[in-house]
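**Q** Just so you know, my numbering puts the end of the sequence shown at 325, numbered straight through with nothing missing.
We treat Cβ as the ideally placed atom computed from N, Cα and C, and that holds for glycine.
As the structure is a computational prediction, the values presented were derived from the model and not from experiment.
Have a look at this one before I ask anything.
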Amino acid sequence: MKRREFITLLAGAAAWPLTARAQQRPMPVVGFLRSTSREDSTRLITAFQQGLKLGGYVGGENVTIEFRWADNQVNRQPALVSDLLNRHVDVIVANQASAVAVMSANKTVPFVFVIGGDPIKLGLVTNLNRPGGNVTGLTFLEETVVSKHFQIIHELVPKAAVIALLNHSAHSGADLVIEDAQNATRALGVQLEIVNVGDEDRDLKAAFASLVQKNIKALVVPGGAFLLSHRDQVVALAAHNSIPAIYADREYVAAGGLLSYGPIQTEAYRGAGIYASKILKGAKPAELPIDGSAKFEFVFNLKTARALGIELPLSLMMQVSEAIE
1 MKRREFITLL
11 AGAAAWPLTA
21 RAQQRPMPVV
31 GFLRSTSRED
41 STRLITAFQQ
51 GLKLGGYVGG
61 ENVTIEFRWA
71 DNQVNRQPAL
81 VSDLLNRHVD
91 VIVANQASAV
101 AVMSANKTVP
111 FVFVIGGDPI
121 KLGLVTNLNR
131 PGGNVTGLTF
141 LEETVVSKHF
151 QIIHELVPKA
161 AVIALLNHSA
171 HSGADLVIED
181 AQNATRALGV
191 QLEIVNVGDE
201 DRDLKAAFAS
211 LVQKNIKALV
221 VPGGAFLLSH
231 RDQVVALAAH
241 NSIPAIYADR
251 EYVAAGGLLS
261 YGPIQTEAYR
271 GAGIYASKIL
281 KGAKPAELPI
291 DGSAKFEFVF
301 NLKTARALGI
311 ELPLSLMMQV
321 SEAIE
């Protein structure tokens, strides 16, 4: 064997272990868990992936994303969390309805929550600036805008002496929503009618039958994954019974609802993608402050307003960020 060929052979042999180690190095894995269905989360998935990309990660190229969906079945969430942990994910991202299940089963794997409530009141963290432990997240403080919802619907339907709240009793922030609703209606000098719904479609039909029976003329539909996932049914029932309603998410208005005021959730999920990418690069969740810098939007459906015979007052029209025909 010639000397040059021998040296080349040695160099190649020395590189084999390095090449093998490079091939064996696993791609990082992100677990993405929501209590809803995948169909109800399309925009949020896109926003999350955009956030990951801003941090240098692209699904299928240099990171694997494991999606899990509870399809609005609360009892499925512990098993889904266990499944992600068994998959040895590097970080878990979850919505509010799934956060408790993640927290109770996991004290080590980094966890990024995306919620609409106060993370301290919900028991997720004790400090917003330094969350501690393996947890951080983003909140769009959806529950804090409940009073704004009542103000808007009261201005839109000033003759309504009673304003109803459609309350999903299983929602983790339901008590806080009711408390804000009580304070808001007290300040406005109107009565509050709380109509509770469970986790079944028939509960929504029964709720609207109750609203009609009590001659309710104004309705607030707060945030929450269950109600949002049933938005088509909620909007159809409101239209069928000619009940003006304000919603927490623009998806309702896109589905034919009258108007909405609430956070732009895609911004929060984009931020969750950025946080996840930071953690994959070595950042500690305990040192990433809770991000509460959500943007809000006021969306109005002109066609639905005409069908209800409602004209938006100038004071409200000036606040509208988007009008849908």
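Compare the beta carbon distance of Pro-78 and Tyr-57 with 9 Å and say whether it is the shorter of the two.
**A** no
**Q** For Gly-59, which residues does DSSP report across the bridge?
**A** Bridge partners of Gly-59: Val-63.
**Q** Near Glu-322, what residues of its chain come up, given a Cβ to Cβ distance below 7 Å and the 5 sequence neighbours on each side ignored?
**A** Glu-297, Val-299
**Q** I'd like the list of long-range same chain contacts for Val-157, defined as Cβ closer than 7 Å, with 5 residues on each side in sequence excluded.
**A** Lys-217, Ala-218, Pro-244
**Q** Cβ atoms of Pro-110 and Lys-284: under 9 Å apart, would you say?
**A** yes
**Q** Roughly how many whole angstroms lie between the Cα atoms of Gln-319 and Ser-98?
**A** 33 Å
**Q** Assign Arg-87 to buried or exposed, taking buried as 16 or more other Cβ atoms, counted over all protein chains shown, within 10 Å of its Cβ.
**A** By the C-beta density criterion, Arg-87 is exposed, having fewer than 16 other C-beta atoms within 10 angstroms.
**Q** Quick one: residues in its chain with C-beta nearer than 6 Å to the C-beta of Thr-266, no 5 flanking neighbours on either side, listed in chain order?
**A** Arg-43, Ala-47
**Q** Between Leu-106 and the rest of its own chain, which residues show a CB-CB distance below 8 Å, the 5 nearest in sequence each way excluded?
**A** Going by the sequence as given, residue 106 is Asn instead of Leu. Within the same chain, Asn-106 has close Cβ partners Val-81, Leu-85, Ile-92, Asn-134.
**Q** Roughly how many angstroms separate the alpha carbons of Leu-316 and Thr-64, rounded to a whole number?
**A** 45 Å
**Q** Buried or exposed for Leu-166, please, with buried defined as at least 16 other CB atoms from any protein chain shown within 10 angstroms of its CB.
**A** buried
**Q** Would the region 302-313 count as touching the region 228-246 if we require 3 or more Cβ pairs under 8 Å?
**A** yes
**Q** DSSP on Ser-315, reduced to helix/strand/coil?
**A** helix
**Q** Does at least one heavy atom of the ligand MG sit under 8 Å from the Cβ of Gly-257?
**A** Ligands are entirely absent from the displayed structure, and the ligand MG is therefore not among its contents.
**Q** Taking the Cβ atom as the reference point for each residue, do Val-235 and Tyr-261 lie within a distance shorter than 9 Å?
**A** no
**Q** Taking the alpha-carbon of Arg-76 as reference, which of Ala-101, Phe-67, Gly-60 has the nearest alpha-carbon?
**A** Ala-101
**Q** Can you look up Asn-183 in the DSSP assignment and give me helix, strand or coil?
**A** For Asn-183, the three-state secondary structure derived from DSSP is helix.
**Q** Report back the beta-carbon spacing between Ser-37 and Asp-71 to the nearest angstrom; my notes put them in contact at under 8 Å.
**A** 5 Å
**Q** What residue from Gly-256, Lys-295, Thr-136 has the CA that sits closest to Ile-264's CA?
**A** Lys-295
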